[in-house]
Amino acid sequence: MGTNELKAFIRDVPDFPKKGIIFKDITPLLKNPRAFKEAIDALSEHYRHQGVSIVVAAEARGFILGPPVAYHLGAGFVPVRKPGKLPYLCKKAYYQTEYSTDSLEIHEDAVRPGDRVLLLDDVLATGGTMAACCRLVESMGGQVVGCAFLVELTFLGGRKPLEGYDVFSLIQY
Ligand code: AMP
């Protein structure tokens, strides 16, 4: 299987989680052994020779893709979570969504100056979530090697807030 065949495993769910949103459901891809392997291998391969020391990903679906990619790269994994979920001292970043301001947290000792960090998520929509993760990593002296996604919704312009970063996606709409 090649990456161009992965699109067939993304399910469109209209009006979820609210009216007007077409949700890109990645669970059919995760369930298919060949598609899941192709996705993880292709994401890992893109960063194989870039000296990634840590993969950082936000809950919930970043937690599914991040660890196997980190394992392949011989890197560590660092979770980014919604406020109040991480047990130790945290750094927080705020970001704008369509109808509210949300925030994300990371453990304050999770990234060290000089760490080469790959950020990963399932879907790039407006880019606000990923931009907040980049700010968290850089506030601790980490170097963002790249921002990687399984799916990119190009019509939402998510690359704009990520200008200056290496943005990579396997599937585009
Ligand atoms: P954004 O910050 O707008 O780029 O939104 C990205 C986050 O929201 C990611 O963690 C995605 O999992 C989720 N997301 C946004 N839009 C969609 C969509 N249409 N389908 C699936 N997930 C989405």
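Everything in the sequence shown is counted per my numbering, starting at 133 for the first residue and increasing by one. C-beta: ideal position from N, C-alpha, C; glycine also.
CA-CA distance, R244 to V201, rounds to 20 Å.
DSSP places A280 in the uninterrupted beta strand (DSSP E) bounded by Q275 to E284. Annotation for F281: D253, L256 and S301 place their beta carbon closer than 6 Å to its own, counting only its chain and skipping 5 residues before and after. Secondary structure at L302: strand, using DSSP grouped into helix, strand and coil.
Non-local beta-carbon contacts of A171 in its own chain, meaning distances under 7 Å to residues more than five positions away in sequence, involve L138, L161, L282 and L302 in chain order. With distances taken between CA atoms, G278 lies nearest to L294 out of L294, T286 and D234. Between R193 and I153, the CB-CB gap reaches or exceeds 8 Å. In this structure, the straight-line span from the alpha carbon of F141 to that of Y231 is close to 30 Å. Judged by DSSP in its simplified three-state form, H181 adopts coil rather than helix or strand. For the region 186 to 242, the continuous beta strand (DSSP E) assignments of 3+ residues that do not extend past its boundaries occur at 186 to 190, 208 to 212, 222 to 228 and 233 to 239, in sequence order. Residue pairing for F155: DSSP places it in a beta bridge opposite V145. F148 has its alpha-carbon roughly 32 Å from the corresponding atom of V249. Taking the CA atoms as reference points, E237 sits about 15 Å from V187. When the alpha-carbon of H239 is set against those of G289, G216, Q228 and G259, the nearest one is in G216.
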